[in-house]
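A.B. asks: Those protein sequence lines, which keep their order, are chains A and B. Position 36, counted from 1, in the first sequence is what the working numbering calls 36; the numbers after and before it change by one each time, with no gaps. Each number in the working numbering comes from the position in the second sequence (counting from 1) with 149 added on. The following block contains the structure, expressed as structure tokens.
Number of protein chains: 2
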Amino acid sequence: MSTKKTYSISELAREFDVTTRSMRFYEDQGLLKPGRRGQTRIFSSKDRVRLKLILRGKRMGFSLAETKELFDLWDETLSGNEKQLHLMLETLARKRAQLEQQKNDIAMAEIEMDTAEARCIEALKILEEKKEKMRVSKVPTQDTQDTQA
Amino acid sequence: MSTKKTYSISELAREFDVTTRSMRFYEDQGLLKPGRRGQTRIFSSKDRVRLKLILRGKRMGFSLAETKELFDLWDETLSGNEKQLHLMLETLARKRAQLEQQKNDIAMAEIEMDTAEARCIEALKILEEKKEKMRVSKVPTQDTQDTQA
DNA sequence: AAACCGCTTTACGTTTACGTAAACTTTATC
DNA sequence: GATAAAGTTTACGTAAACGTAAAGCGGTTT
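See below:
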């Protein structure tokens, strides 16, 4: 209803900077389920969303299998079965814990990068000072030239 | 000077819950450089830190090659060469951007998990209400039993 | 000394996530 | 109607990150 448009494979591939090979592979693994017109794949906006989620998952270090699990679980959840709903809630909780761990890791990494950067800058400052001294000791009577103007 | 202790391979493997195979592989790829007593590897606390960083990197979705690049770069940075220092600063900046992207991805994921969870809970609530109705319509004269006590 | 323990090397096997090439339709364009 | 452009299947290849034997070395415990 919202965005009824459909997409060709290369259209989506360009938009998200993935190869068509990858997209066919994702379909092969059951992550995408495009329609067909004859042989040709026709991607819906739902597929588009899923592709976006797949790629985000990858950036977050998720395997395709993990992402597929979530997709399947969500699909089954939509069927409204009570057991599935609880299963989904548990899974969500686990994923949240995982994200917490990642946020922690990132925070630690940032701290260490701060100190690393500080050391670099410090080292550079010292190098600059040395250079300055070199310049001074090499051209000690430089200002005599300036007075000419 | 701080923590002079050394470790055996299985000692560290247990502590960080990795296989010795993995640790030897990390060494093979140049990520760890333990000393040797005869054939036997002897890991320093520096190696221990590196192992920790390797694993954190993995959780953050970094490849071993990426992590190795950072290790090597940092080692060369310590030599104090000016060019290396600038290279390190650039690399740090790129990594920071990468972490920002990841934080973004995580934030988005959390939002979507929030709405997913809310829908689950909502669906469950509706199911519970239905169950309640079932109970009421099935045992309409239940309170007559209670009045007995 | 026999047997066990932990460590070692060597080397082939496996899974994931595609790359790459070949050969073949379908659709659009000249 | 030739030809190029975009799509398809099939299938072999590959890099990363280990798993999994197999076989050997060096202590030590019984």
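Beta carbons: idealized from backbone N, C-alpha and C, even for Gly.
Under three-state DSSP, which class holds F43/A?
C.D. replies: Here F43/A sits in strand by DSSP.
A.B. asks: Does the region 261 to 276 of chain B come within contact of the region 84 to 101 of chain A, defined as at least 3 CB pairs closer than 8 Å?
C.D. replies: Yes, the region 261 to 276 of chain B is in contact with the region 84 to 101 of chain A.
A.B. asks: Just the C-alpha distance for E129/A and E122/A, rounded to the nearest angstrom, thanks.
C.D. replies: If you take the alpha carbons of E129/A and E122/A, they lie about 11 Å apart.
A.B. asks: Quick one: is A65/A near chain B, going by C-beta distance under 8 Å?
C.D. replies: No, because no Cβ of chain B sits closer than 8 Å to the Cβ of A65/A.
A.B. asks: Can you confirm whether M262/B, when its beta carbon is compared against all beta carbons of chain A, has any partner nearer than 8 Å?
C.D. replies: Answer yes: the Cβ-Cβ gap between M262/B and chain A drops below 8 Å somewhere.
A.B. asks: Give me the Cα-Cα distance between K58/A and F220/B, rounded to the nearest whole angstrom.
C.D. replies: Straight-line Cα distance between these residues: approximately 24 Å.
A.B. asks: Are the Cβ atoms of F16/A and L51/A separated by less than 8 Å?
C.D. replies: Yes, these two residues count as a Cβ contact at 8 Å.
A.B. asks: Is A246/B close to chain A, meaning its C-beta is less than 8 Å from at least one C-beta of that chain?
C.D. replies: By this cut-off, A246/B is not an interface position.
A.B. asks: Where K5/A and S44/A are concerned, what is the direct C-alpha to C-alpha distance, given to the nearest angstrom?
C.D. replies: In a straight line, the C-alpha of K5/A is about 7 Å away from that of S44/A.
A.B. asks: Just to confirm before moving on: does the CB-CB distance between M108/A and R185/B stay below 8 Å?
C.D. replies: No, the Cβ-Cβ distance between M108/A and R185/B is not below 8 Å.
A.B. asks: Count the other C-beta atoms from every protein chain shown that fall within 10 angstroms of the C-beta of R48/A, then say buried if there are 16 or more, exposed otherwise.
C.D. replies: Classification for R48/A: buried.
A.B. asks: Helix, strand or coil, according to DSSP, for G206/B in the structure here?
C.D. replies: If DSSP states are grouped into helix, strand and coil, G206/B belongs with the helices.
A.B. asks: Could you give the residue range of the beta strand (DSSP E) that holds G184/B?
C.D. replies: It spans G184 to R186 - the beta strand (DSSP E) in which G184/B sits, taken as one unbroken run.
A.B. asks: Of all Cβ atoms in chain B, is any one closer than 8 Å to the Cβ of I54/A?
C.D. replies: Not closer than 8 Å to any Cβ of chain B, the Cβ of I54/A fails to qualify, so no.
A.B. asks: Can you say whether D254/B is buried or exposed, counting buried as having 16 or more other CB atoms within 10 angstroms of its CB?
C.D. replies: Buried, by the Cβ-count rule.
A.B. asks: Cβ of L31/A less than 8 Å from any chain B Cβ?
C.D. replies: False, the Cβ-Cβ gap to chain B never drops below 8 Å.
A.B. asks: Using a 10 Å radius around the Cβ and a threshold of 16 neighbouring Cβ atoms, would you call R21/A buried or exposed?
C.D. replies: Result: exposed.
A.B. asks: Would you kindly check if the distance between the Cβ of T67/A and the Cβ of L78/A is under 8 Å?
C.D. replies: The answer is no: Cβ separation not under 8 Å.
A.B. asks: Please list the terminal residues of the continuous alpha helix (DSSP H) segment that includes Y26/A.
C.D. replies: From DSSP, the alpha helix (DSSP H) with Y26/A extends over T20 to D28.
A.B. asks: If you compare alpha carbons, which of M60/A, E82/A and L12/A is closest to K103/A?
C.D. replies: Nearest of M60/A, E82/A and L12/A to K103/A, Cα basis: M60/A.
A.B. asks: In chain order, what residues of the same chain lie with their CB nearer than 6 Å to the CB of E76/A, ignoring the 5 residues before and after it?
C.D. replies: Excluding sequence neighbours, E76/A sits near Q84.
A.B. asks: Quick check: is the beta carbon of T226/B nearer than 8 Å to any beta carbon in chain A?
C.D. replies: So, interface residue.
A.B. asks: Whose C-beta lies closer than 6 Å to the C-beta of Y156/B among residues of the same chain, with five residues either side of it excluded?
C.D. replies: F192, listed in sequence order.
A.B. asks: Could you tell me whether any Cβ in chain B is nearer than 8 Å to the Cβ of I106/A?
C.D. replies: So yes, I106/A belongs to the interface.
A.B. asks: Quick one: what's got a C-beta closer than 7 Å to Q29/A's C-beta in the same chain, skipping five residues either side?
C.D. replies: Closer than 7 Å at the Cβ level, and outside the excluded window around Q29/A, lie L64 and K68.
A.B. asks: Straight-line CA distance for I126/A to L236/B?
C.D. replies: Roughly 17 Å between the two C-alpha positions.
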